[in-house]
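A.B. asks:
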Amino acid sequence: MKSSTVIHIGFDDTDSRKGMCTTFLAYKIVEYLKKEQVRFLDYPYLIRFNPNIPWKTRGNGAVALKIETKEPQKIKRNIIEFIKKYSATEDGANPGLVFYENKEIPEHFSKFGKAALYSVVNRNKAREFAARNGLETFHLGNGQGLVGAIGAIGYNFRDHTFELISYRDESNFGKRRKILKDSVMRMQQITYPKTFNSFDVIKNRVLIAPHGPDPVFFGVRGEDINSVMQGASLVKSQEKYRGYMIFRSNQGTGDHLENELDIQNIEPFSSGYLIGQISEKPKIEQGGHAFFSVTKNGTAVKCAVYRPTGLVKVAAKLIEGDLVKV
1 MKSSTVIHIG FDDTDSRKGM CTTFLAYKIV EYLKKEQVRF LDYPYLIRFN PNIPWKTRGN
61 GAVALKIETK EPQKIKRNII EFIKKYSATE DGANPGLVFY ENKEIPEHFS KFGKAALYSV
121 VNRNKAREFA ARNGLETFHL GNGQGLVGAI GAIGYNFRDH TFELISYRDE SNFGKRRKIL
181 KDSVMRMQQI TYPKTFNSFD VIKNRVLIAP HGPDPVFFGV RGEDINSVMQ GASLVKSQEK
241 YRGYMIFRSN QGTGDHLENE LDIQNIEPFS SGYLIGQISE KPKIEQGGHA FFSVTKNGTA
301 VKCAVYRPTG LVKVAAKLIE GDLVKV
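Position one of the sequence shown corresponds to residue 1 (our numbering), numbered consecutively onward.
1. Let me see if you follow: with CB-CB separation under 7 Å, is K2 close to chain D or not?
2. Check each candidate in V120, K236, G310, F11 and name the one with the smallest Cα separation from K66.
3. Going along the chain, which unbroken runs of the beta strand (DSSP E) with 3 or more residues stay wholly within the segment 152-201?
4. Report the start-end ranges of each alpha helix (DSSP H) in the segment 113-157 that is 4 residues or longer and not cut off at the edges.
5. CB A88 to CB M20, shorter than 7 Å?
6. Whole angstroms are fine: how far does the CA of M185 sit from the CA of I202?
7. Buried or exposed for V121, going by 16 or more other Cβ atoms inside 10 Å?
8. For K325, does the count of other Cβ atoms within 10 angstroms reach 16, so buried, or fall short, so exposed?
9. Rounded to whole angstroms, how far is the Cβ of Q63 from the Cβ of T22, which I believe are closer than 8 Å?
10. Considering only C-alpha positions, which residue in the set T161, I29, A115, I153 is nearest to K84?
11. Do S237 and K178 have their C-beta atoms closer together than 7 Å?
12. Name the one or two DSSP bridge partners that Y244 has.
13. Could you tell me the distance, in whole angstroms, from the CA atom of T161 to the CA atom of G298?
14. Rounding to the nearest angstrom, what Cα-Cα distance links F109 and A152 in this structure?
15. Buried or exposed: which applies to R205, given that a residue is buried once 16 or more other Cβ atoms fall within 10 Å of its Cβ?
16. Would you decide whether H211 is buried or exposed? Buried here means 16 or more other CB atoms lie within 10 Å of its CB.
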């Protein structure tokens, strides 16, 4: 009798600005894995990494799965075929896929995931990490997706939310999504604050649906499984969606802002926060944005509060000497 093997599967950078979606690929892989009767050991992970990365994917999300199977080699071979078939490499995707066979994730995997959350991680470092730690890898293009793939399987949730993502039939890809605005507004009224980022009441705008040609129909984000299920059930549309999947996610947790930056050594594209004193009173400049300086230990940095944040009026009230966290 064959023994079971636990496999952590991570993948990223399968989509492009023109289409596809890493979560949809995850949905298709899970469809396949269900047929293979694997045991799922957790919800799929959807991890949003450093939002300041200039070459981030459209959704900026990597996916990880944790399964138990008696056919590990067959499963891995077929998942590689899914990556080959459904990655948008012709439009610039650089997919990376990793497999790690072990019940538990070592602490240094989590450190790698944390680094990808705050900073720029070179893809060569990802390759070196994989080689040192016995990860099986597959990539296309330059392999940039290996960074997110490793980071996703090693991600250690400080906090988490859930996201229910529904997917369209392929016949509807590229067509306008016909979601009834009033139903989303009502959904938010009923489920908020257990769900969030569903409807913008100020701009009277639906927030749960993308606008591009990708396979996603809509996504409901919330604090627990029941809330996202209830929220999705309240969304009305003339279009029947293909199916849905629920992800455990760091979306909305602010994890990328938990890193205190060294004011004397701020790296380009890093994420985090600073604590310091206002050393230059805020000025409102063209476009309605606020600009000011913060000083700590004798070093000053320029800061900006952009008008769309809605915080310009608050920033304008700051005076020299105020202690702030930005």
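Note that beta-carbon positions come from the ideal geometry of N, C-alpha and C, so glycine has one too.
Note that the structure is predicted; figures quoted are calculated from it, not measured.
C.D. replies: On the basis of the supplied data:
1. Absent from the structure is chain D; it holds one protein chain and no more.
2. F11
3. 161-167
4. 123-132, 145-153
5. yes
6. 12 Å
7. buried
8. exposed
9. In the sequence on display, residue 63 carries Val and not Gln. With 8 Å as the limit, V63 and T22 qualify as a contact, their Cβ atoms being about 6 Å apart.
10. I29
11. yes
12. S166
13. 39 Å
14. 9 Å
15. exposed
16. exposed
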